[in-house]
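*Asks:* Going by full-length UniProt numbering, the sequence shown runs without a break in its numbering and finishes at 116.
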Amino acid sequence: MDATKITTAVSELARNILVYAAVGKIGLETLNQKTGIKISAVDHGPGIENIQQTLEDHYTTSGSLGAGLPGVKRLMDEFTIDSVVGEGTTVCTTKWLRATNPNPIYRENVSTKERN
1 MDATKITTAV SELARNILVY AAVGKIGLET LNQKTGIKIS AVDHGPGIEN
51 IQQTLEDHYT TSGSLGAGLP GVKRLMDEFT IDSVVGEGTT VCTTKWLRAT
101 NPNPIYRENV STKERN
(Lines of atoms letter the chains of each structure in order from A and count residues from 1; the text may use other names and numbers.)
(Lines give C-alpha, C1' and ligand atoms only; values in the text may rest on other atoms or scores of the structure.)
Protein backbone atom coordinates (compact mmCIF):
# COMPACT_ATOMS: atom_id res chain seq x y z
CA MET A 1 0.00 0.00 0.00
CA ASP A 2 2.81 2.46 0.84
CA ALA A 3 4.53 1.74 -2.47
CA THR A 4 1.33 2.58 -4.37
CA LYS A 5 0.93 5.85 -2.49
CA ILE A 6 4.56 6.83 -3.11
CA THR A 7 4.32 5.91 -6.80
CA THR A 8 1.13 7.92 -7.21
CA ALA A 9 2.66 10.93 -5.46
CA VAL A 10 5.74 10.85 -7.71
CA SER A 11 3.53 10.54 -10.79
CA GLU A 12 1.33 13.49 -9.79
CA LEU A 13 4.33 15.69 -8.99
CA ALA A 14 5.98 14.79 -12.30
CA ARG A 15 2.76 15.55 -14.15
CA ASN A 16 2.55 18.98 -12.51
CA ILE A 17 6.11 19.76 -13.60
CA LEU A 18 5.35 18.74 -17.19
CA VAL A 19 2.06 20.64 -17.39
CA TYR A 20 2.99 23.85 -15.58
CA ALA A 21 6.76 24.24 -15.77
CA ALA A 22 7.99 21.97 -18.59
CA VAL A 23 11.32 21.50 -16.77
CA GLY A 24 12.03 20.39 -13.22
CA LYS A 25 13.52 17.71 -11.02
CA ILE A 26 12.20 15.05 -8.70
CA GLY A 27 14.43 13.53 -6.05
CA LEU A 28 13.90 10.57 -3.75
CA GLU A 29 15.71 10.10 -0.46
CA THR A 30 15.49 7.36 2.16
CA LEU A 31 15.23 8.56 5.74
CA ASN A 32 15.98 7.12 9.18
CA GLN A 33 17.49 3.80 8.18
CA LYS A 34 15.01 3.35 5.33
CA THR A 35 11.88 3.87 7.45
CA GLY A 36 10.77 6.81 5.33
CA ILE A 37 10.88 8.14 1.79
CA LYS A 38 11.20 11.85 1.07
CA ILE A 39 10.16 13.15 -2.34
CA SER A 40 11.30 16.58 -3.49
CA ALA A 41 9.90 18.17 -6.64
CA VAL A 42 11.49 21.42 -7.83
CA ASP A 43 10.61 23.48 -10.89
CA HIS A 44 11.38 26.92 -12.24
CA GLY A 45 7.95 27.48 -13.72
CA PRO A 46 5.50 30.34 -13.19
CA GLY A 47 4.98 29.64 -9.49
CA ILE A 48 1.66 29.44 -7.67
CA GLU A 49 -0.18 32.64 -6.75
CA ASN A 50 -2.64 31.14 -4.26
CA ILE A 51 -1.31 27.97 -2.62
CA GLN A 52 -4.39 27.49 -0.40
CA GLN A 53 -6.69 27.54 -3.42
CA THR A 54 -4.38 25.16 -5.30
CA LEU A 55 -4.67 22.65 -2.45
CA GLU A 56 -8.48 22.58 -2.64
CA ASP A 57 -9.97 19.49 -4.26
CA HIS A 58 -11.04 19.96 -7.89
CA TYR A 59 -9.30 23.34 -8.31
CA THR A 60 -7.42 23.41 -11.61
CA THR A 61 -6.00 25.85 -14.12
CA SER A 62 -5.24 23.19 -16.73
CA GLY A 63 -8.62 21.54 -17.27
CA SER A 64 -7.61 18.42 -15.31
CA LEU A 65 -9.56 16.86 -12.44
CA GLY A 66 -7.71 19.00 -9.91
CA ALA A 67 -6.64 16.01 -7.86
CA GLY A 68 -2.84 16.43 -8.15
CA LEU A 69 -1.43 18.39 -5.22
CA PRO A 70 -4.42 17.80 -2.89
CA GLY A 71 -4.09 14.09 -3.64
CA VAL A 72 -0.37 14.08 -2.93
CA LYS A 73 -1.03 15.86 0.37
CA ARG A 74 -3.62 13.24 1.36
CA LEU A 75 -1.47 10.25 0.34
CA MET A 76 1.66 11.29 2.20
CA ASP A 77 2.37 11.86 5.90
CA GLU A 78 4.19 15.18 5.60
CA PHE A 79 3.73 17.86 2.94
CA THR A 80 5.24 21.31 2.39
CA ILE A 81 4.98 23.61 -0.59
CA ASP A 82 6.92 26.79 -1.25
CA SER A 83 6.33 28.89 -4.32
CA VAL A 84 7.47 32.25 -5.64
CA VAL A 85 5.47 33.69 -8.53
CA GLY A 86 7.72 34.01 -11.55
CA GLU A 87 10.45 31.80 -10.06
CA GLY A 88 9.03 28.34 -9.38
CA THR A 89 7.74 25.87 -6.85
CA THR A 90 9.22 23.32 -4.47
CA VAL A 91 7.15 20.51 -2.98
CA CYS A 92 8.62 18.24 -0.30
CA THR A 93 6.66 15.31 1.01
CA THR A 94 7.46 12.30 3.18
CA LYS A 95 5.89 8.89 3.65
CA TRP A 96 6.82 6.99 6.80
CA LEU A 97 6.80 3.30 5.99
CA ARG A 98 4.84 0.82 8.02
CA ALA A 99 6.87 -2.14 9.17
CA THR A 100 5.49 -5.37 7.76
CA ASN A 101 7.76 -7.31 10.09
CA PRO A 102 9.26 -5.31 12.94
CA ASN A 103 11.93 -7.98 13.54
CA PRO A 104 13.01 -9.18 10.12
CA ILE A 105 15.37 -12.09 9.90
CA TYR A 106 18.17 -11.82 7.40
CA ARG A 107 20.25 -14.80 6.47
CA GLU A 108 23.33 -15.08 4.36
CA ASN A 109 24.80 -18.38 3.38
CA VAL A 110 28.34 -17.95 2.24
CA SER A 111 30.51 -20.89 1.45
CA THR A 112 34.23 -20.76 0.89
CA LYS A 113 34.29 -24.29 -0.50
CA GLU A 114 34.97 -24.58 -4.18
CA ARG A 115 32.43 -26.47 -6.22
CA ASN A 116 33.60 -29.21 -8.57
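Even for Gly, the Cβ is constructed at its ideal location relative to N, Cα and C.
1) Hey, which unbroken runs of the alpha helix (DSSP H) at 4 residues or more fall wholly within the UniProt domain "Histidine kinase/HSP90-like ATPase" (1-99)?
2) Tell me which residues share the same chain as residue 145 and place their Cβ nearer than 7 angstroms to its Cβ, disregarding the 5 neighbours each side in the sequence.
3) Flag this pair as yes or no: are the beta carbons of Val85 and Pro46 separated by less than 8 angstroms?
4) Would you report the Cα separation of Gly88 and Leu55, rounded to the nearest angstrom?
5) Please state whether the Cβ-Cβ distance between Gly24 and Ser40 is less than 8 angstroms.
*Replies:* Short version:
1) 2-16, 51-54, 68-75
2) There is simply no residue 145 to check, as the chain begins at 1 and stops at 116 in what is shown.
3) As a working note, residue 85 is residue 85 in the sequence shown. As a working note, residue 46 is residue 46 in the sequence shown. Yes.
4) Residue mapping note: residue 88 aligns to position 88 of the sequence shown, counting from 1. Residue mapping note: residue 55 aligns to position 55 of the sequence shown, counting from 1. C-alpha separation (whole angstroms): 16 angstroms.
5) For the purposes of this step, residue 24 is taken as the residue at position 24 of the sequence shown. For the purposes of this step, residue 40 is taken as the residue at position 40 of the sequence shown. No, these two residues do not count as a Cβ contact at 8 angstroms.
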